[in-house]
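Report on one structure; see the data block that follows.
Structure below.
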């Protein structure tokens, strides 16, 4: 399965690249506007201080480009620091160029919008609050530029500037809330589409395996019937030779078991097309699955532990879920048949079955692929059993996770949703 593409609006490294471009364009524009104001409009500014601010932001941009060349990933906290640096740079520039009377004061909305679209909820509101605080500071503390002042002040507080401040506060709040919600909805949608695409690919693989299994079951019927006929003839010819008769009888029993399993496979498939899963007590169901498993694996040693909670755990089950859990138990027995620990626990929403073996554990190189593709932990395994197990449990709304236990071996955790018992 190809690697999932990065989600839009959610990769801090890519967002920092875009922020660096925006910062370069913005401060180049500010420099051009200041030069025009000084040369053409006669602004009286503290030019060394203004140039120092612009130079500092340019150095920050150069340092950012250097940092982006490093292999370390950009975190949300680091991206937040960059946006705070932009807000601080804007505040210093506006302080020396008229404060809240500067018509570019609403540029604070740019870092606010960027934060709302790319950062988590708390980080976005941190930028919005910082920008609002900086704007409020600049209403009282700044170096005035006469050409930018308003000539209609009716008191110590300029109503025009107050209106701009109120407008900025409202705009910053709305932008932060709605842009964040829209970006979050976009990320959630893309995650849902990714999961749907993965489920569709998994279902295609399951269907391919099922088709091959059905064809193989059909093809096995003829050779098994032929073997049964030949074994009957050979048994007649071997009369008087007890050892050979015994071996032939054993072979005939094995052939009959194979034919019986094929008939059971077809019959159960027909029933499952029409029948709904049964709601059963999870403890009783687990005990029955283990007992059937012990018939197949009489060599294993196990211990079953059931958590003590009020109420009973209930699960929706069918034969495919029985087979899925049996596959996991077989994997544990193949790793080490001694002292397999099985634990049943539950909460109001989920039922959890833990299977712990004392084998060699799971190799980290294939841990993420188990159950997603045909990858096996066994030297002679094909990985189909674990793949089908994952697909079955996912179909019931659950999941399977494999961990290397700190004390050795593998811990397999099966999580299934609780189902209310039927009356």
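Residue numbers (our numbering): 898 to 1320. Glycine included, every Cβ here is placed at the ideal spot set by N, Cα and C.
Check your understanding: What's the call for residue 1094, buried or exposed, on a 16-neighbour Cβ count within 10 Å?
Key -> The count along the chain shown starts at 1 and reaches residue 1094 at position 197. So residue 1094 ends up on the exposed side.
**Study point:** Bridge-paired residues (DSSP) for residue 1247
**Key:** Position 350 of the chain shown, counted from the first residue, corresponds to residue 1247. Among the bridge pairs identified by DSSP, residue 1247 is matched with 1314.
Exercise for review: Below 7 angstroms CB to CB, which residues in the same chain sit around residue 1009 once its five sequence neighbours on both sides are set aside?
Suggested key: Numbered from its first residue, the chain shown carries residue 1009 at position 112. When the five nearest sequence neighbours on each side are left out, the beta carbons in the same chain lying within less than 7 angstroms of the beta carbon of residue 1009 are those of 1024, 1025, 1028, 1069, 1072, 1073, in order along the chain.
Review point. Short check: CB of residue 963 to CB of residue 917, under 8 angstroms?
Key: For the purposes of this step, residue 963 is taken as the residue at position 66 of the chain shown. For the purposes of this step, residue 917 is taken as the residue at position 20 of the chain shown. It is not a contact, given that the beta carbons lie outside the stated cut-off.
Review point. Under a Cβ-count criterion, where at least 16 other Cβ atoms within 10 Å of its own Cβ denotes burial, should residue 974 be classed as buried or exposed?
Key: The residue you call residue 974 lines up with position 77 of the chain shown. Burial call: exposed.
Point to revise | Rounded C-alpha distance that separates residue 1084 from residue 927 | key: By one-based count along the chain shown, residue 1084 stands at place 187. By one-based count along the chain shown, residue 927 stands at place 30. Going from the Cα of residue 1084 to the Cα of residue 927 covers about 34 angstroms.
Check your understanding: Do the region 1118-1129 and the region 1147-1158 meet, that is, are 3 or more Cβ pairs less than 8 angstroms apart?
Key -> With a cut-off of 8 angstroms, the region 1147-1158 and the region 1118-1129 count as touching, because enough Cβ pairs lie within range.
Point to revise | residue 994 versus residue 1088 - alpha carbon distance | key: As a working mapping, residue 994 is identified with position 97 in the chain shown. As a working mapping, residue 1088 is identified with position 191 in the chain shown. Between the alpha carbons of residue 994 and residue 1088 lies a distance of about 45 angstroms.
Exercise for review: Apply the 10 Å Cβ neighbour rule to residue 979 and answer buried if 16 or more other Cβ atoms are within range, or exposed otherwise.
Suggested key: Numbered from 1 along the chain shown, position 82 holds the residue referred to as residue 979. It counts as buried.
Practice item. Specify whether the region 1237-1254 and the region 1195-1204 touch according to this definition: at least 3 beta carbon pairs, one from each stretch, less than 8 angstroms apart. Key: Contact between the region 1237-1254 and the region 1195-1204 is present, because at least three Cβ pairs lie under 8 angstroms.
Check your understanding: What three-state label does DSSP hand residue 1212 in the structure shown?
Key -> As a first step, residue 1212 is located in the chain shown; it is residue number 315 there, counting from the start. For residue 1212, the three-state secondary structure derived from DSSP is strand.
Review point. Three-state secondary structure (DSSP) at residue 1202?
Key: Taking the first residue of the chain shown as position 1, residue 1202 is located at position 305. Strand, per DSSP.
Review point. For residue 1296, does the three-state DSSP call read helix, strand or coil?
Key: Position 399 of the chain shown, counting from 1, holds the residue named residue 1296. Under the three-state reduction of DSSP output, residue 1296 falls in the strand class.
Practice item. Name the residue from 954, 1117, 1003 whose alpha carbon lies nearest to the alpha carbon of residue 1160. Key: Taking the first residue of the chain shown as position 1, residue 1160 is located at position 263. Nearest of 954, 1117, 1003 to residue 1160, Cα basis: 1117.
Review point. Near residue 943, which residues of its chain fall below 8 angstroms by C-beta distance, leaving aside the five closest residues on each side in sequence?
Key: Locating residue 943 in the chain shown gives position 46, where the first residue counts as 1. Hits under 8 angstroms: 993, 1040.
Review point. Would you report the Cα separation of residue 1134 and residue 1156, rounded to the nearest angstrom?
Key: Here residue 1134 refers to the residue found at position 237 when the chain shown is read from its first residue. Here residue 1156 refers to the residue found at position 259 when the chain shown is read from its first residue. Roughly 24 angstroms separates the two Cα atoms.
Check your understanding: Between which two residues does the beta strand (DSSP E) harbouring residue 1177 extend?
Key -> Your numbering for residue 1177 matches position 280 in the chain shown. Where residue 1177 is concerned, the enclosing beta strand (DSSP E) stretches over 1175-1178.
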